[in-house]
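Structure record follows, encoded as structure tokens.
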Amino acid sequence: MDKAIDSSDCAGYKAKGEWAKPTLHERATSLDAEVVSALVEIVGEQYVQTTPQHLEENSRVTIPKNTLCSAVVYPGSVAEIQAIFKLAAHSKFNIWCFSRGNNWGYGTKNALEGGAVILILERMNRILEVNEDLAYAVVEPGVTQQQLNEYLQKNNSRLWTDCTDSTPYGSVLGNAIERGYGYTPYGDHFAHLCGMEVVLPNGELIRTGGILSNSNTWNTHKWGHGPYVEGLFSQSNFGIVVKAGIWLMPKPELFNVVTFDLTDEANLPILIDRLRELALEGIFKSHLHMVNDFQMLSVVSRYPYELLEGNTYLSARSMQTLRHKYGIAPWSLVGAIYGSSAQLNLKKSSLKKHLSDLGKLEFFDRQKVSVVENFTKIYKKTAPNSLKFKLLNLVKLALSPKHIEVMSLLPDMYGILQGIPTERIIKSAYFKASGLAPEKEVNPARDNCGVMWLAPAFPASGKYAQELLDVVKPLYRQYGFDFSGCIARMGDRTFYALFGIFFDRENTQESDRAIELYQNLVEVTQKSGYQLYRSGIPYWNCGNTESVGLINLLNSIKQTVDPEGIFAPGRYGIF
Numbered sequence: 073m074d075k076a077i078d079s080s081d082c083a084g085y086k087a088k089g090e091w092a093k094p095t096l097h098e099r100a101t102s103l104d105a106e107v108v109s110a111l112v113e114i115v116g117e118q119y120v121q122t123t124p125q126h127l128e129e130n131s132r133v134t135i136p137k138n139t140l141c142s143a144v145v146y147p148g149s150v151a152e153i154q155a156i157f158k159l160a161a162h163s164k165f166n167i168w169c170f171s172r173g174n175n176w177g178y179g180t181k182n183a184l185e186g187g188a189v190i191l192i193l194e195r196m197n198r199i200l201e202v203n204e205d206l207a208y209a210v211v212e213p214g215v216t217q218q219q220l221n222e223y224l225q226k227n228n229s230r231l232w233t234d235c236t237d238s239t240p241y242g243s244v245l246g247n248a249i250e251r252g253y254g255y256t257p258y259g260d261h262f263a264h265l266c267g268m269e270v271v272l273p274n275g276e277l278i279r280t281g282g283i284l285s286n287s288n289t290w291n292t293h294k295w296g297h298g299p300y301v302e303g304l305f306s307q308s309n310f311g312i313v314v315k316a317g318i319w320l321m322p323k324p325e326l327f328n329v330v331t332f333d334l335t336d337e338a339n340l341p342i343l344i345d346r347l348r349e350l351a352l353e354g355i356f357k358s359h360l361h362m363v364n365d366f367q368m369l370s371v372v373s374r375y376p377y378e379l380l381e382g383n384t385y386l387s388a389r390s391m392q393t394l395r396h397k398y399g400i401a402p403w404s405l406v407g408a409i410y411g412s413s414a415q416l417n418l419k420k421s422s423l424k425k426h427l428s429d430l431g432k433l434e435f436f437d438r439q440k441v442s443v444v445e446n447f448t449k450i451y452k453k454t455a456p457n458s459l460k461f462k463l464l465n466l467v468k469l470a471l472s473p474k475h476i477e478v479m480s481l482l483p484d485m486y487g488i489l490q491g492i493p494t495e496r497i498i499k500s501a502y503f504k505a506s507g508l509a510p511e512k513e514v515n516p517a518r519d520n521c522g523v524m525w526l527a528p529a530f531p532a533s534g535k536y537a538q539e540l541l542d543v544v545k546p547l548y549r550q551y552g553f554d555f556s557g558c559i560a561r562m563g564d565r566t567f568y569a570l571f572g573i574f575f576d577r578e579n580t581q582e583s584d585r586a587i588e589l590y591q592n593l594v595e596v597t598q599k600s601g602y603q604l605y606r607s608g609i610p611y612w613n614c615g616n617t618e619s620v621g622l623i624n625l626l627n628s629i630k631q632t633v634d635p636e637g638i639f640a641p642g643r644y645g646i647f
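Per the numbering used here, the very first residue in the sequence shown carries number 73; after that it's consecutive.
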């Protein structure tokens with residue numbers, strides 16, 4: 073069960089350099105009957121939840137502490153959202169809004185303080201348009217990654233959508249507005265949004281992209297006319313995006329999955345530099361992901377408590393044993409190359425030239441992926457002591473030295489790299505959970521999993537990659553955790569790091585250490601100039617606010633669009 077934060081001060085997260093949140097308005101921490109009745113009148117009784125069970129279920133998180141909401145409301149239209157804002161301004165309660173509420177590792181669908189009314193937009197789930205010629209879709213915030221992908225396939229579209237490696241039931245717009253990322257060349261999700269409709273907290277409905285309401289380029293020309301304002305509605309609390317265009321990727325003639333195992337971790341800076349050059353030259357444009365050995369283990373196994381040797385983290389010897397058992401490298405990369413046969417041959421040649429001396433480079437087309445997929449299915453169904461199993465092991469040695477669970481990831485990655493979401497990777501959140509991940513409908517918050525993400529960005533240079541790892545990794549040992557790292561290319565000149573903290577939420581001491589580690593990771597990364605590309609509740613309570621001029625500007629905008637201060641106060645440090 074979640075331990076709720078004291079809504080008066082969020083004491084569970086306040087860190088070094090404590091900062092005071094301005095209190096703009098007094099807020100109710102619970103709703104009176106008249107407000108609940110008004111919400112029911114707006115959206116319907118079945119779309120307002122206020123029972124203790126519903127509130128507890130919708131307040132669950134994967135971070136160490138949570139806040140308890142006072143109601144969960146499911147609006148189905150722009151008019152209903154506008155009416156709820158009007159009611160909140162009159163009755164003085166806070167609103168926090170989530171597209172579908174699957175922001176695991178950052179705060180899920182929690183408000184910064186208790187007593188808020190949570191809006192979830194899953195009913196607003198229409199795919200309003202798919203333009204095959206201009207390669208874009210217009211969707212509402214409740215549209216999921218799986219829904220959009222299935223729509224394109226069902227209609228024999230020539231287009232792909234990009235997806236994350238999180239839940240298929242995550243919101244396309246929700247992830248893009250948080251600046252999440254995927255794997256294809258269209259993996260920078262916010263960069264591929266174009267044209268929004270937004271409900272401001274004051275009730276106004278605005279349309280971005282210029283002054284014309286009938287603009288023919290609303291979903292094709294990002295900049296529109298005059299100031300570009302779409303960025304104001306990303307990672308902010310200036311309004312609720314209720315509709316947006318998102319650019320889609322034309323299907324390539326061919327594509328191959330690219331995997332690379334870095335043999336020596338000391339060569340990671342060299343690898344980063346070479347990947348930058350491959351991106352700048354236009355050879356390797358997918359948003360490749362690299363994970364370290366521990367992060368890979370979280371995807372293919374349960375936490376090996378039996379190897380702890382009296383510690384709270386795995387020793388170097390234990391990690392070496394696990395690397396050997398699963399056939400994994402210190403760092404493993406996956407990406408893809410796309411194009412014609414001639415283009416793929418050129419890209420393969422260049423990748424071999426740049427990477428082969430650093431580790432093992434492999435390419436997988438549809439046929440090779442099918443062979444691996446069929447083999448792993450047969451292998452997993454075969455009795456371990458049978459003659460057939462012994463024969464299959466001989467075949468496996470010829471196919472790959474990797475553990476069968478690692479091999480079986482390939483078909484999932486093949487899907488993700490063409491925009492087909494899977495629940496396979498998000499099951500890693502169950503690494504230290506007491507229960508196993510379900511086969512489907514995976515929900516780490518519901519199932520009391522413990523994971524937090526810290527996500528700094530760094531320039532695409534090996535020097536910066538090594539410096540960032542040097543300041544981060546020692547803290548994991550200091551606080552008794554295993555280092556979990558992912559590095560993803562974001563554009564040609566930047567990489568994102570995603571540092572995971574896996575912990576047992578049922579262990580109070582470990583949860584407390586997770587908070588302390590997070591706070592210290594924030595301190596050292598910010599001090600070293602590594603700004604987060606994305607953040608959540610833990611950061612908003614211990615984040616850096618040294619850019620006073622920028623904070624003042626954002627707060628001024630906030631007071632203009634939200635004069636009553638009702639919408640998500642404190643989100644991304646904006647009040």
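C-beta atoms are modelled at their ideal positions from N, C-alpha and C, and glycine is treated no differently.
If you're wondering where the values come from, they're calculated on a predicted model, not measured in any experiment.
Membership of N247 in any beta strand (DSSP E) is not indicated; the residue belongs instead to the alpha helix (DSSP H) covering 244 to 249. Taking 9 Å as the cut-off, the Cβ atoms of R565 and H359 do not count as close. For A183, the three-state secondary structure derived from DSSP is coil. With fewer than 16 other beta carbons inside 10 angstroms of its own, Q581 counts as exposed.
Beta-bridge partners assigned by DSSP to I167: V189, F639. Note on P641: 16 or more other CB atoms within 10 angstroms of its CB, so buried under the neighbour-count rule. Nearest to P493 by alpha-carbon distance, out of Q154, A527, T216, L334, is T216. In this structure, the alpha-carbon of F571 lies about 12 Å from that of R606.
Of all C-beta pairs linking the stretch 543 to 559 to the stretch 187 to 205, fewer than three are shorter than 8 Å, placing the two stretches out of contact.
Taking C-alpha positions only, Y611 is separated from F555 by approximately 19 Å. Short of 7 Å from the beta carbon of P213, and not among the five residues preceding or following it, lie these beta carbons of its own chain, in chain order: S171, L193, M196, S243, L245, G246, V313, V314. Membership of V215 in any beta strand (DSSP E) is not indicated, and neither H nor E is assigned to it by DSSP. For W295 and G281, the gap between their C-alpha atoms comes out near 6 Å. R606 sits in a strand when the DSSP states are folded into three classes.
Between T180 and I249, the C-beta gap is not smaller than 9 Å, which leaves the two residues out of contact. For Y590, the closest alpha carbon among the candidates G563, S442, F553 is that of F553.
An exposed status is given to K512, since fewer than 16 other beta-carbon atoms sit within 10 Å of its beta-carbon. If only uninterrupted beta strand (DSSP E) runs of at least 3 residues are considered, those enclosed by the stretch 345 to 391 are 361 to 364. Contact between the stretch 624 to 637 and the stretch 269 to 276 is established, with three or more Cβ pairs separated by less than 8 Å. S404 is bridged by DSSP to D333, V363. In this structure, the beta-carbon distance from V145 to Q121 falls below 9 Å. Among the bridge pairs identified by DSSP, P273 is matched with none. Put simply, the backbone Cα of G298 is about 28 Å away from that of I153. Check the Cα spacing between I573 and each of A501, L459, A509: the tightest is with A501. Leaving aside the five residues that flank M321 on each side, the residues in its chain whose CB is nearer than 8 Å to its CB run, in chain order, A207, L231, W232, T233, D234, T256, P257, Y258, G491.
Annotation for V107: S163 place their beta carbon closer than 6 Å to its own, counting only its chain and skipping 5 residues before and after.
Across the set V372, F310, N227, the C-alpha of V372 shows the shortest separation from the C-alpha of K397. Ranked by how close their Cα comes to the Cα of G177, the residues V133, N138, L184 have V133 in first place.
In this structure, R346 is the residue among L326, L265, R346, P528 with its C-alpha nearest to the C-alpha of S422. With a 10 Å radius around the Cβ and a threshold of 16 neighbouring Cβ atoms, V443 comes out exposed. Buried is the label assigned to A505, since at least 16 other Cβ atoms lie within 10 Å of its Cβ. The secondary-structure analysis by DSSP pairs T239 with nothing; it has no beta-bridge partner. In this model, R518 and K420 are separated by some 43 Å (Cα to Cα). Contact between the stretch 326 to 342 and the stretch 519 to 530 is absent: fewer than three C-beta pairs spanning the two stretches fall below 8 Å. Per DSSP, A455 lies in no beta strand (DSSP E) and is assigned neither H nor E.
For I199, the three-state secondary structure derived from DSSP is strand.
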